[in-house]
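Peer 1: When we follow our numbering, the leftmost residue of the sequence shown carries the number 973, and every step to the right adds one. Yeah, the Cβ is synthetic: ideal placement off N, Cα and C, and Gly gets one too. All values reported here derive from a predicted model rather than from experimental measurement. Before I ask anything, here is the structure I am working with.
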Amino acid sequence: GEGWIELYHHLLMLRSELTFDRLLARNIRHGADASTVMRKNNSGSLESATALCSNHVMRAGRHFAHFTATRREMIGVIRPNIQVNASDFDEYVALDDTLAPLIRSYRNQEGELYFFYPGHQEFWEYLMSYRTARWSDSNVHCCYCIFVEGGWPVAAEDVGHHFWWFNWTSQTPGRMIGRLNRNRPIGLLLDLNEGTLSIYQDGRRFAMLKDGLSGEYCWYGTIRRDHESISIRRGSTSNE
């Protein structure tokens, strides 16, 4: 069990502002403060980089956050204790030499990761190595929603917000959840009493995205393109 000091620290955390404290991959930085992340270099590349609110661990109860995104950023929940250390991948290269070209392509000469996106299959075995008892028995380890823009090869009926979740062992299907207003903040409610993740806008629940969530999670976002940014702040639904 947890001691009183750890429980008190957890209570203080739940009252504090939400911030992105862990930045994964090189091409990401904080904005005006740690509640915003953006591309470090606008180079025209699609180097995905991910930020976690890992100092805000959600274990039980209901948690709501507002996200403001600019284009095609991914926002959602993920297991909070994962680390991504470029040097760790040497072990995987040694075990499976077919991974060598891929892993090396993710790192620069200084050993920094160019790229990290938790939905990328090549990272799954590594991410699962961080599994602890605090993940419980749920296989829902990462969930995100993203706005899919129009234009080739996207069909007009597929333009809108989509949702994906990952068990980090096999492919799981995504689905379209509809068209929210891209110019308004999006709310996510993680209800660990019910084991669900829901999406909101303007105080109205738009859809229940996933059930079966349990254990520990934190908020996160992934940036893929130039001039993208994500901001997060604590919030509540209109009926709370």
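So, with DSSP's three-state summary, where would you put ASP1106?
Peer 2: Numbered from its first residue, the sequence shown carries residue 1106 at position 134. For the record, residue 1106 in the displayed sequence is Arg; it is not Asp. Note: ARG1106 maps to helix in three-state DSSP.
Peer 1: Rounded to whole angstroms, what is the Cα-Cα separation between ILE1050 and LEU1024?
Peer 2: One-based indexing of the sequence shown puts residue 1050 at position 78. One-based indexing of the sequence shown puts residue 1024 at position 52. Roughly 8 Å between the two C-alpha positions.
Peer 1: Using the C-alpha atoms, what's the distance from GLU989 back to GLU1212?
Peer 2: Start at 1 with the first residue of the sequence shown, and residue 1212 comes out as number 240. Start at 1 with the first residue of the sequence shown, and residue 989 comes out as number 17. In this prediction, GLU1212 has a pLDDT of 42, which is less than 50 and means its spatial position is unreliable; what the coordinates show is noted afterwards. GLU1212 and GLU989: Cα-Cα distance of roughly 19 Å.
Peer 1: Report yes if the CB atom of ILE1158 is closer than 9 Å to the CB atom of PHE1135, and no otherwise.
Peer 2: Mapped onto the sequence shown, residue 1158 falls at position 186. Mapped onto the sequence shown, residue 1135 falls at position 163. In this structure, PHE1135 does not lie closer than 9 Å to ILE1158 by Cβ.
Peer 1: Below 8 Å on the Cβ atoms is my guess for TRP1107 versus GLU1188; work out the distance and round it to an integer in Å.
Peer 2: Reading the sequence shown from its first residue, position 135 is the one you call residue 1107. Reading the sequence shown from its first residue, position 216 is the one you call residue 1188. Yes, they are in contact, since the Cβ atoms of TRP1107 and GLU1188 sit about 7 Å apart, within 8 Å.
Peer 1: Do ARG1001 and VAL1009 have their beta-carbon atoms positioned less than 9 Å apart in this structure?
Peer 2: Position 37 of the sequence shown, counted from the first residue, corresponds to residue 1009. Position 29 of the sequence shown, counted from the first residue, corresponds to residue 1001. For VAL1009 and ARG1001, yes; Cβs fall inside 9 Å.
Peer 1: Who are the Cβ neighbours of PRO1052 in its own chain at under 6 Å, not counting the five residues just before and after it?
Peer 2: Taking the first residue of the sequence shown as position 1, residue 1052 is located at position 80. Around PRO1052: SER1026, VAL1029, GLU1188 and CYS1190.
Peer 1: Using the C-alpha atoms, what's the distance from GLY1033 back to GLY1167?
Peer 2: Along the sequence shown, read from residue 1 onward, the residue named residue 1167 stands at position 195. Along the sequence shown, read from residue 1 onward, the residue named residue 1033 stands at position 61. Their backbone Cα atoms lie some 9 Å apart in a straight line.
Peer 1: TRP1124 by DSSP, collapsed to three states: which one?
Peer 2: Locating residue 1124 in the sequence shown gives position 152, counting from the first residue. In this predicted model, TRP1124 has a pLDDT of only 48, less than 50, meaning its place in the structure is not dependable enough to derive any value.
Peer 1: Please state the DSSP three-state secondary structure of GLN1173.
Peer 2: One-based indexing of the sequence shown puts residue 1173 at position 201. Three-state result, GLN1173: strand.
Peer 1: Check the C-beta distance from LEU1162 over to HIS981 and give it rounded, since I have them as a contact under 8 Å.
Peer 2: Indexing the sequence shown from 1 puts residue 1162 at position 190. Indexing the sequence shown from 1 puts residue 981 at position 9. Between HIS981 and LEU1162 the Cβ distance is about 20 Å, and since that is not below 8 Å, they are no contact.
Peer 1: Going by alpha carbons, who is nearest to ASP1183 out of VAL1112, HIS1133, ARG1197 and ASN1139?
Peer 2: For the purposes of this step, residue 1183 is identified with residue 211 of the sequence shown, where counting begins at 1. Answer by Cα proximity: VAL1112.
Peer 1: With C-beta atoms as the reference, is CYS1114 less than 9 Å away from GLY1048?
Peer 2: What you label residue 1114 is simply residue 142 of the sequence shown in a count that begins at 1. What you label residue 1048 is simply residue 76 of the sequence shown in a count that begins at 1. In contact: CYS1114 and GLY1048 (Cβ atoms closer than 9 Å).
Peer 1: Roughly how many whole angstroms lie between the Cα atoms of TRP1096 and LEU1185?
Peer 2: Residue numbering aside, residue 1096 sits at position 124 when the sequence shown is read from its first letter. Residue numbering aside, residue 1185 sits at position 213 when the sequence shown is read from its first letter. Their backbone Cα atoms lie some 18 Å apart in a straight line.
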